[in-house]
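Notes for the one structure printed next.
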Amino acid sequence: MICPKRTAELITLHLAPFKDTDPAWEIGVSKIAGRGIFATRDIKRGEVIFRDSPLVIGPSARAEDTLNSCSNCFKMLPDTKFMCRQGCGLPICSLCGKKQQHKADCTLFKSWKPCEPDVANSLLIRLLCVGRAINLTKDQRDLIYCLQANLDNNHRTEVRNAAKGFNEFPTDKKMIEIMNRTVAVLRTNGFDETVDRSNDNAEFLYRALFPLFAVMNHDCIPNSYYTFEEKTRNMVVHASVDIPAGTEITTTYTKLFTGNIARHLFLKMKKGFTCKCPRCSDPTEKGAFISALYCRDTNCTGFAVPETTGLPHPNWNCLVCKQKSTHAQMMKAQDFASGAISSKFNSKSLKSVVLYLRDKSSGFIPDSNYVVIDAKLQVIARLSKSREDCEDGEAAAKAKFCEDILEIMDKLGLGDCVMRSYLEAEKAKEVK
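No gaps in the numbering here: position 68 of the sequence shown is 84 in the numbering used here, and each next residue is one more.
Written out as structure tokens, the structure reads:
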């Protein structure tokens, strides 16, 4: 394990601009995994724990993304003529094109001679984030090497594939290694190919590495949440609940409303570990029943929940009659309910979706199931956007859906977070 002391020294240098002379945190050895961040004093719910700035940042530029966003400020650009005229192969707005950051990016990419500099290439644009690591100082590069990186067989693929978009891509081993290492760190603890996990809705247009945040360990019921400063893109980490001195400060790598099986699979495949937090060890998920389905015995009204084996296809047990069912049998029931809800959305009648979720879906699938939660979140978002056309019945349903999800959050023990603030605000709009 990399020395927590050395990591702390480099992170302190990175955070020097914030001038926090009495931090509420320290880096230490974690019982969860390797290193972690711990409270040095009692921290109150809602209190800012720390601020962090991105060490490297760049467009996410996934294959399915639209590529006409500025590579520096990430604002959307016109559909045409958004590429840099200097031939670096990067989309850029007129304002950012004059800034020092783009001048450095442009010089670097032009030196590699893009094959088609006037054509937006997702692999080339995505490489910018890790390419920026080349111009970091020695201490900043050392910090990247101090952070956890799962060095699997795929972490070199990104740089290798992007290299095909240049005529003179560098062959220097040290330069290639720092880019590959940055990819591995981003894949492990960066904001890379993800959504805002504390919101469960907002999509990122960029990927970034926040070093102190990257040291935080995962818990499926985290005691912190994060927001971002719009102008600086600095991360602000807040306490979700009261955190006693000496307690490890945790975040979540997954969506809040994902069932045990899906979370286990994501964490194992994407992050390389098996979570053993209290939520993952409880088949009822602390009584929130986010994974629960109805027992297959029509004479039983109990909930069936998956065994906490960590397997991708576990058996399910009814909590009332104890009947066992296979994963395939239970997924058939869930797929039926999910398909019925999807068909209502496909009908393009939001009113029919609201009525179905309010009056009928509970006959096929528990209201606590994540499929229903996701559907309710979609309805809340759509009604929020077209509130002026919202009928009284729909407004009441929206308020009820917000209340339903907030109750589930309370059962899970989730404190303050972006999602809670969002739901409380949307509910307040409809409660007269």
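By construction, the Cβ of each residue, glycine as well, lies at the ideal position given by its N, Cα and C atoms. Since this is a predicted model, take the numbers as computed values, not measurements.
- request: Can you say whether residue 75 is buried or exposed, counting buried as having 16 or more other CB atoms within 10 angstroms of its CB?
  value: Reading the sequence shown from its first residue, position 59 is the one you call residue 75. Buried is the call here.
field: Which residues DSSP lists as bridging residue 243, in chain order
entry: Here residue 243 refers to the residue found at position 227 of the sequence shown. According to DSSP, residue 243 bridges with 252.
task: Answer yes or no: do residue 320 and residue 385 have a C-beta to C-beta separation smaller than 9 Å?
output: Locating residue 320 in the sequence shown gives position 304, counting from the first residue. Locating residue 385 in the sequence shown gives position 369, counting from the first residue. No.
field: For residue 369 and residue 361, believed in contact at Cβ under 8 Å, the rounded distance
entry: Working through the sequence shown from its first residue, we reach residue 361 at position 345. Working through the sequence shown from its first residue, we reach residue 369 at position 353. Their Cβ separation, rounded to whole angstroms, is 6 Å, which keeps residue 361 and residue 369 in contact under 8 Å.
- prompt: So residue 98 and residue 88 are in contact, right, with Cβ under 8 Å, and what is the actual spacing, rounded?
  reply: Counted from its first residue, the sequence shown places residue 98 at position 82. Counted from its first residue, the sequence shown places residue 88 at position 72. 12 Å between Cβ atoms; not a contact.
message: For a minimum of 4 consecutive residues, which ranges assigned as the alpha helix (DSSP H) are wholly contained in the segment 78 to 135?
response: Complete alpha helix (DSSP H) runs here, min 4: 116 to 127.
message: Buried or exposed for residue 342, going by 16 or more other Cβ atoms inside 10 Å?
response: Within the sequence shown, residue 342 is the residue found at index 326, counting from 1. Residue environment analysis places residue 342 among the exposed positions, since fewer than 16 neighbouring C-beta atoms fall within 10 angstroms of its C-beta.
message: Between the segment 242 to 252 and the segment 273 to 287, can you find at least three pairs of beta-carbon atoms closer than 8 Å?
response: Segment contact: the segment 273 to 287 against the segment 242 to 252, fewer than three CB-CB distances shorter than 8 Å; contact not assigned.
message: Going by beta-carbon coordinates alone, are residue 126 and residue 104 separated by less than 9 Å?
response: Sequence index remark: in the sequence shown, residue 126 carries index 110 (1-based). Sequence index remark: in the sequence shown, residue 104 carries index 88 (1-based). The Cβ-Cβ distance between residue 126 and residue 104 falls below 9 Å.
query: Any idea if residue 303 is buried or exposed, counting beta-carbon neighbours within 10 angstroms, 16 or more meaning buried?
result: Residue mapping note: residue 303 aligns to position 287 of the sequence shown, counting from 1. Label assigned to residue 303: exposed.
task: Kindly provide the ranges of any alpha helix (DSSP H) runs that are 4 or more residues long and lie completely inside the segment 357 to 401, ordered along the chain.
output: Those alpha helix (DSSP H) runs which fall completely within the segment 357 to 401 and span 4+ residues are 366 to 375, 386 to 401.
- prompt: To the nearest whole angstrom, what separates the beta carbons of residue 106 and residue 131, a pair I think is in contact under 8 Å?
  reply: Mapped onto the sequence shown, residue 106 falls at position 90. Mapped onto the sequence shown, residue 131 falls at position 115. Actually they are not in contact, since the Cβ atoms of residue 106 and residue 131 sit about 14 Å apart, beyond 8 Å.
task: State the DSSP-derived secondary structure class of residue 171, mapped to helix, strand or coil.
output: Residue numbering aside, residue 171 sits at position 155 when the sequence shown is read from its first letter. Coil at residue 171, not helix or strand.
- prompt: So what does DSSP say about residue 444, is it helix, strand or coil?
  reply: Within the sequence shown, residue 444 is the residue found at index 428, counting from 1. Note: residue 444 maps to helix in three-state DSSP.
- prompt: Can you name the residues that DSSP bridges to residue 341?
  reply: Stepping through the sequence shown from its first residue, residue 341 is reached at position 325. In DSSP, residue 341 forms a bridge with 332.
- request: Could you pull the start and end residues of the alpha helix (DSSP H) that residue 281 belongs to?
  value: The residue you call residue 281 lines up with position 265 of the sequence shown. Boundaries of the alpha helix (DSSP H) harbouring residue 281: 276 to 282, taken from the DSSP string.
query: Do you know how far the Cα of residue 180 is from the Cα of residue 5?
result: Shown here, the chain extends from 17 to 448; a query on residue 5 therefore has no answer.
task: Just the C-alpha distance for residue 72 and residue 153, rounded to the nearest angstrom, thanks.
output: In the sequence shown, the residue the question calls residue 72 occupies position 56. In the sequence shown, the residue the question calls residue 153 occupies position 137. In this model, residue 72 and residue 153 are separated by some 12 Å (Cα to Cα).
- prompt: What residues match up with residue 42 in a beta bridge as DSSP calls it?
  reply: Walking along the sequence shown from the start, residue 42 turns up at place 26. Answer is 54.
Residue 138 versus residue 236 - alpha carbon distance: Start at 1 with the first residue of the sequence shown, and residue 138 comes out as number 122. Start at 1 with the first residue of the sequence shown, and residue 236 comes out as number 220. Residue 138 and residue 236: Cα-Cα distance of roughly 32 Å.
query: Does the segment 250 to 262 come close enough to the segment 177 to 194 that 3 or more CB-CB pairs lie under 8 Å?
result: With contact defined as three or more Cβ pairs closer than 8 Å, the segment 177 to 194 and the segment 250 to 262 are not in contact.
query: Where does residue 227 sit, in a helix, a strand or coil, going by DSSP?
result: Reading the sequence shown from its first residue, position 211 is the one you call residue 227. Note: residue 227 maps to helix in three-state DSSP.
query: Based on Cα-Cα distance, which residue from 146, 155, 86, 269 lies nearest to residue 173?
result: As a first step, residue 173 must be located in the sequence shown, where it is residue number 157. Checked all of 146, 155, 86, 269; the closest Cα to residue 173 is 146.
- prompt: On the three-pair Cβ rule with 8 Å, is the segment 336 to 353 touching the segment 284 to 304?
  reply: Touching, no.
- prompt: To the nearest angstrom, how far is it from the Cα of residue 66 to the Cα of residue 39?
  reply: By one-based count along the sequence shown, residue 66 stands at place 50. By one-based count along the sequence shown, residue 39 stands at place 23. Looking at the two C-alpha atoms, the distance is approximately 7 Å.
- prompt: Is residue 320 helix, strand or coil by DSSP?
  reply: Here the question's residue 320 lines up with position 304 in the sequence shown. Looking at residue 320 - three-state DSSP - the assignment turns out to be strand.
- prompt: In terms of residues, what are the limits of the alpha helix (DSSP H) holding residue 257?
  reply: Here the question's residue 257 lines up with position 241 in the sequence shown. That residue, residue 257, is in no alpha helix (DSSP H); it is neither H nor E in DSSP.
task: Spell out the partners DSSP gives residue 66 in its beta bridges.
output: Position 50 of the sequence shown holds residue 66. Note: residue 66 sits in a beta bridge opposite 253.
message: Can you give me the C-alpha to C-alpha distance between residue 391 and residue 440, rounded to a whole angstrom?
response: To locate residue 391, count along the sequence shown from 1; it is residue 375. To locate residue 440, count along the sequence shown from 1; it is residue 424. When rounded, the distance between both Cα atoms is 18 Å.
- prompt: If you check the beta carbons only, do residue 399 and residue 410 fall under 9 Å apart?
  reply: Counting from one through the sequence shown, the residue named residue 399 turns up at place 383. Counting from one through the sequence shown, the residue named residue 410 turns up at place 394. Between residue 399 and residue 410, the CB-CB gap stays under 9 Å.
- prompt: How big is the Cα-Cα spacing for residue 19 and residue 318?
  reply: Numbered from 1 along the sequence shown, position 3 holds the residue referred to as residue 19. Numbered from 1 along the sequence shown, position 302 holds the residue referred to as residue 318. Each residue's alpha carbon lies about 50 Å from the other.
- request: On the DSSP bridge assignment, give the partners of residue 74 in chain order.
  value: As a position in the sequence shown, residue 74 is number 58, starting the count at 1. According to DSSP, residue 74 shares a beta bridge with 223.
Coil, strand or helix - residue 184 by DSSP: Taking the sequence shown and counting its residues from 1, one reaches residue 184 at position 168. Residue state, collapsed to three classes: coil.
message: Per the DSSP calculation, residue 233 is bridged to which residue(s)?
response: Taking the first residue of the sequence shown as 1, we reach residue 233 at position 217. According to DSSP, which records beta bridges pairwise, residue 233 is partnered with 266.
Residue 202 versus residue 90: straight-line alpha-carbon distance, rounded: Taking the first residue of the sequence shown as position 1, residue 202 is located at position 186. Taking the first residue of the sequence shown as position 1, residue 90 is located at position 74. Distance between the alpha carbons of residue 202 and residue 90: 18 Å.
field: Spatial distance of residue 359 from residue 142 (CA atoms)
entry: Working through the sequence shown from its first residue, we reach residue 359 at position 343. Working through the sequence shown from its first residue, we reach residue 142 at position 126. Counting only the Cα atoms, residue 142 lies some 36 Å from residue 359.
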